[in-house]
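Position 112 (the sequence shown) corresponds to 112 in full-length UniProt numbering; numbering is contiguous. See structure below.
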Amino acid sequence: MKADARLALPVLGAWAAVVALLAPNEGASPATLSGLTWLVAVIAALLAVVTTFTASRLKAPHFSSGTGAARDDNWVRGLLPAVALASFLTLALCLSILVHAPSHVDIKPWDKDPTGDYPWFLLWAQALREGLSGAASSLPGVGGQLIPGLAIGDTSAVSESLETAMKVVSLTHITAVSGANCVIVTASIMILGAKLGLSRTWRVTGAVLALTLFVVLITPEASVVRAAVMSTVVLITLAVGRPGTGLPLLSFAAVVMLIINPWWAIDFGFILSVSATAGLLVLARPLAQSLSRFMPQLPAMLISIPLAAQLACQPVIILLQPQIPTYGVLANVIAGPAAPLATVTGLVACLVLPFFAPLGHLLLWISWLPAQWIGQTAMVFSTLPSPSVAWLAGGPGVILASLTSVDIVVMLLHPRTPVRRLLGFSVILGTGIYVLSAFVGGLLFAARIPDDWIIAACDVGQGDAVLFRDGDSIALIDTGRKPEPLATCLNQLGITRIDLLILTHYDLDHVGGVAAVNGKVDSALVGTPQNAQENGIVEDLVVGGASVERGNKGDRGELGNSTWQVLWPAPDYPSMQDGNPGSITVRVETPRLTVIFLGDLGEDAQNALMRDAPIAAVDVVKVAHHGSGDQSYALYRRLEATLGIVSVGKENGYGHPTAKALDMLREVGTSVTRTDEHGLIVVSAHEGRLSVWSER
């Protein structure tokens, strides 16, 4: 292992050099980037040769099964010609691309051309992918959505609610085609070849060919190419009779991929792919051996695999999402064993469907069972209390997560050393205190919120997500731009079910967070979808169990003892049926206050609203369009609202709320409270008087 680690150091150095060159120049001009890519290609090629030379000076330990004794093997030297040849070939490829390319943008032969058609040599793969996706779409539940992702990495059918649930419990890697899929393909061909009595050379040749076709079928992404390169190197070493260890192969794959595309050095998907693989290679077996002291070997291995990947990836994930999945390892232990069966049967079904559809559909139903199990596992765990714990963001969060990962490894693998035990205990204690304080802090924050609130404006940044309630009945007006802020707000308010969801219009800052409530909505009022993306939002709500209706003027309903009425859009104004002018406008009357939600109506639509609908005074107004200057003074004067809520993000770049809007509200006697300044805002009413509580 020490030799393997020494081999990885030059690769890390090469990676760091590429990052240092690319990161500061990410927004540079095409001409500059072309020259820079050429420079990086040369450096990467030279580093590949240097790395291989370093490897040739090492003796990589190989542990024989059964005894655990190490024996030296200079197999790495056999890779020197292959790496040198790969270096020069990829350098030539990079240079040829640079000669013909107008910019640094990578030219991928699997991309569609400007006419929207796939290259002729990929049409067969596209037909197979579309056939599988079409057949799987007829299967019920979340299982049908997951099969294309499990088999060929196509996640286009996965709903936002399922995608969010899988992210929350760290199961998204299951639908990302990577090393496991490549192993399945190559192992199947090798076993089949052995059964047919083929020589090792023919078996390896067949496996390489099958792997190449598989990569084309699923379209080469970073993790797929990395896994394919590693698998190819393994097959080559098997063909020459020199079995290799994991870290040198991973290092080789990383160097080759950075030569092919230096920009992967700053791609989070590639970084996470390599991190997860390294974690599995280095930690999975030792962790399983350590855990086997307390449990049988099989459950120890089932726990060690997701734990090793989680420990290796978590410091990187913190940069993307500063939180720790509470049930991530447990969800992977439960769902993980079902993935291989779903993958194998789904892939075979993909190949069989065009030639013998009945058998293909039978295989799809077999694949559906484990896929449904995986999806339901994600949905169930994502709805449990506190599915994630908030973590420090940025550099401090990465450092803390790294220390915690290292400490857990040390505690599990070397628990008897006094110094390590003390160090491990200290770090775990500190991390535990932090996590506990964050959890308790969340409980204390929730305890501060008045129990009798009627209106709550969530702090979702530049967007709208406002709730009103009557007793246990909850209505939500819009969902903000992203699911995470809305999910946090709902958790703080203790809301697990939405009786009525109103999506005023389909702008991203009003519907982007809908995944946070998919599967939790009883009924919904929406505008008329205008494109496939908007249709997808409606379909996700329906799949989640919501009854969805088009919101029109005159629609009425009850929520507990409160009543609501849609005032806009009106059919007499055909030019104001969608977008901001077509925002569904709702007036709500509760036993204690009245409120009107204006969506993103502009001045013209607000004036039309006054002409078309009876506008009476209200206690609270949700100010239109985040406080933009496009407001009707006459409307707000007629509303005579005591309180105006502006849902807006800090430093939003639009200048919201504008001085014009704030001055207007002040002139008509409406007090203003803003989510950018006050965070979460809740409004109560007592004996005709409004009471406002805010987060800050």
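Glycine residues also receive a C-beta, built at the ideal position from the N, C-alpha and C atoms.
**Segment contact, 8 Å Cβ cut-off, at least three pairs: the segment 504-515 with the segment 468-481** = The answer is yes - the segment 468-481 touches the segment 504-515, with three or more Cβ pairs under 8 Å.
**Request:** Flag this pair as touching only if the segment 651-662 and the segment 554-568 have three or more C-beta atom pairs under 8 Å; answer yes or no.
**Result:** Touching, no.
**Asked** When the Cα atoms are used, what is the spatial distance from A335 to S583?
**Response** Position 335 of the sequence shown holds residue 335. Position 583 of the sequence shown holds residue 583. Linking A335 to S583 through their CA atoms gives a straight-line distance of about 42 Å.
**Request:** Using the Cα positions of W373 and A357, report the straight-line distance between them to the nearest angstrom.
**Result:** One-based indexing of the sequence shown puts residue 373 at position 373. One-based indexing of the sequence shown puts residue 357 at position 357. Using only the alpha carbons, I get a separation of about 24 Å.
**Asked** For D452, which of R592, V526, T673, L359 has the nearest alpha-carbon?
**Response** Position 452 of the sequence shown, counted from the start, is the residue given in the question as residue 452. Sorting R592, V526, T673, L359 by C-alpha distance to the C-alpha of D452 places R592 at the top.
**Prompt:** Which of the three DSSP states, helix, strand or coil, is assigned to K660?
**Reply:** As a position in the sequence shown, residue 660 is number 660, starting the count at 1. If DSSP states are grouped into helix, strand and coil, K660 belongs with the helices.
**Request:** Determine the DSSP secondary structure at P286, reduced to helix, strand or coil.
**Result:** What you label residue 286 is simply residue 286 of the sequence shown in a count that begins at 1. In the structure shown, the three-state DSSP call for P286 is helix.
**Candidates V621, T585, G519, of which the one nearest A605 by Cα** = To locate residue 605, count along the sequence shown from 1; it is residue 605. Residue T585 is the option with its Cα nearest to A605.
**Item:** Same chain, Cβ closer than 8 Å to P529, five either side skipped, listed in chain order
**Value:** As a first step, residue 529 must be located in the sequence shown, where it is residue number 529. Closer than 8 Å at the Cβ level, and outside the excluded window around P529, lie Y506, N535, I537, V538.
**Anticipated Cβ contact below 8 Å, residue 721 with S405, distance rounded** = The question about residue 721 has no answer here: the residues shown for the chain are numbered 1 through 696.
**Prompt:** Of the choices L171, Q631, G143, whose alpha-carbon is the least far from that of F381?
**Reply:** Against the sequence shown, residue 381 aligns to sequence position 381. Minimum Cα distance to F381 is reached at L171.
**Prompt:** How about A135 and G375: are their beta carbons less than 8 Å apart?
**Reply:** Stepping through the sequence shown from its first residue, residue 135 is reached at position 135. Stepping through the sequence shown from its first residue, residue 375 is reached at position 375. No.
**Message:** Per the DSSP calculation, H686 is bridged to which residue(s)?
**Reply:** For the purposes of this step, residue 686 is taken as the residue at position 686 of the sequence shown. DSSP output for H686 lists R689 as bridge partner(s).
**Message:** Within 10 Å of its beta-carbon, does T496 have 16 or more other beta-carbons around it, so buried, or fewer, so exposed?
**Reply:** Within the sequence shown, numbered from 1, the residue matching residue 496 stands at position 496. Its Cβ having fewer than 16 others within 10 Å, T496 is exposed.
**Item:** Own chain residues within Cβ distance below 7 Å of I454, not counting five before or after
**Value:** Along the sequence shown, one-based indexing puts residue 454 at 454. Once the five neighbours on either side are set aside, the close Cβ partners of I454 are F468, R469, T590, R592, L593, V683, S684, A685.
**Asked** Is S156 helix, strand or coil when you go by DSSP?
**Response** Walking along the sequence shown from the start, residue 156 turns up at place 156. In this structure, S156 counts as coil in the three-state DSSP scheme.
**Message:** Count Cβ pairs between the segment 183-197 and the segment 209-216 that sit closer than 8 Å; are there 3 or more?
**Reply:** In the pairwise beta carbon analysis, the segment 183-197 is classified as touching the segment 209-216: at least three pairs are separated by under 8 Å.
**Asked** Alpha carbon to alpha carbon, what distance is there between L319 and residue 752?
**Response** The shown model of the chain, from 1 to 696, leaves out residue 752, and the question about it has no answer.
**Message:** Using only the alpha-carbon positions, how far apart do D599 and N580 sit?
**Reply:** Residue 599 sits at position 599 when you count from the first residue of the sequence shown. Residue 580 sits at position 580 when you count from the first residue of the sequence shown. First, the residue type needs correcting, since residue 599 is Gly and not Asp in the sequence shown. C-alpha separation (whole angstroms): 7 Å.
**Same chain, Cβ closer than 7 Å to A304, neighbours up to 5 away in sequence not counted** = In the sequence shown, residue 304 corresponds to position 304, counting from 1. Note that residue 304 is Ser in the sequence shown here, rather than Ala. Around S304: A284, L287, A288, L291.
**Prompt:** What number of angstroms, rounded off, separates the C-alpha of L525 from the C-alpha of L162?
**Reply:** Within the sequence shown, numbered from 1, the residue matching residue 525 stands at position 525. Within the sequence shown, numbered from 1, the residue matching residue 162 stands at position 162. Taking the straight line from one Cα to the other gives about 22 Å.
**Request:** Let me know if W365 comes out buried or exposed under the rule of 16 or more other beta-carbons within 10 Å of its beta-carbon.
**Result:** On the sequence shown, position 365 is the one that residue 365 refers to. Exposed, because fewer than 16 other Cβ atoms sit within 10 Å of the Cβ of W365.
**Prompt:** Count the other CB atoms within 10 Å of the CB of L680; is the residue buried (16 or more) or exposed (fewer)?
**Reply:** Residue mapping note: residue 680 aligns to position 680 of the sequence shown, counting from 1. A residue is called buried once 16 or more other Cβ atoms fall within 10 Å of its Cβ, and L680 is buried on that count.
**Asked** Is L347 helix, strand or coil when you go by DSSP?
**Response** What you label residue 347 is simply residue 347 of the sequence shown in a count that begins at 1. The DSSP-derived three-state label of L347 is helix.
**Request:** Indicate the three-state DSSP secondary structure (helix, strand or coil) for Q577 in the structure shown.
**Result:** As a position in the sequence shown, residue 577 is number 577, starting the count at 1. Three-state DSSP puts Q577 in coil, outside helix and strand.
**Request:** Say whether the segment 454-465 touches the segment 142-154, bearing in mind that this needs 3 or more beta-carbon pairs closer than 8 Å, one atom from each stretch.
**Result:** No contact exists between the segment 454-465 and the segment 142-154.
**Request:** Just the C-alpha distance for W568 and A661, rounded to the nearest angstrom, thanks.
**Result:** As a first step, residue 568 must be located in the sequence shown, where it is residue number 568. As a first step, residue 661 must be located in the sequence shown, where it is residue number 661. When rounded, the distance between both Cα atoms is 22 Å.
**Message:** Using only CA atoms, which one of N518, P396, G649 lies nearest to Q323?
**Reply:** The residue you call residue 323 lines up with position 323 of the sequence shown. Closest by C-alpha distance to Q323, out of N518, P396, G649, is P396.
**Item:** Q565 - DSSP class collapsed to helix/strand/coil
**Value:** As a working note, residue 565 is residue 565 in the sequence shown. Residue state, collapsed to three classes: strand.
**S161 - DSSP class collapsed to helix/strand/coil** = Within the sequence shown, numbered from 1, the residue matching residue 161 stands at position 161. Judged by DSSP in its simplified three-state form, S161 adopts helix.
**Prompt:** Which two residues bound the contiguous alpha helix (DSSP H) that contains S273?
**Reply:** Working through the sequence shown from its first residue, we reach residue 273 at position 273. According to the DSSP assignment, S273 belongs to the alpha helix (DSSP H) that extends over 268-279.
**Item:** Stretch-stretch touch, CB-based, cutoff 8 Å, three pairs: the segment 659-678 with the segment 615-633
**Value:** Touching, yes.
**Asked** When you compare only the Cα positions, how much space is there between V410 and F355?
**Response** Within the sequence shown, the letter at position 410 stands for residue 410. Within the sequence shown, the letter at position 355 stands for residue 355. Rounded to the nearest angstrom, the two C-alpha atoms are 54 Å apart.
**Request:** To the nearest angstrom, report how far apart D663 and I408 are at their CA atoms.
**Result:** Residue 663 sits at position 663 when you count from the first residue of the sequence shown. Residue 408 sits at position 408 when you count from the first residue of the sequence shown. Answer to the nearest angstrom: the Cα atoms are 57 Å apart.
**Prompt:** Which class does E695 belong to by DSSP, given the choice of helix, strand or coil?
**Reply:** Against the sequence shown, residue 695 aligns to sequence position 695. DSSP places E695 in coil when its eight states are reduced to three.
**Item:** Residue range of the unbroken alpha helix (DSSP H) whose run includes V542
**Value:** To locate residue 542, count along the sequence shown from 1; it is residue 542. 532-543 is the extent of the alpha helix (DSSP H) around V542.
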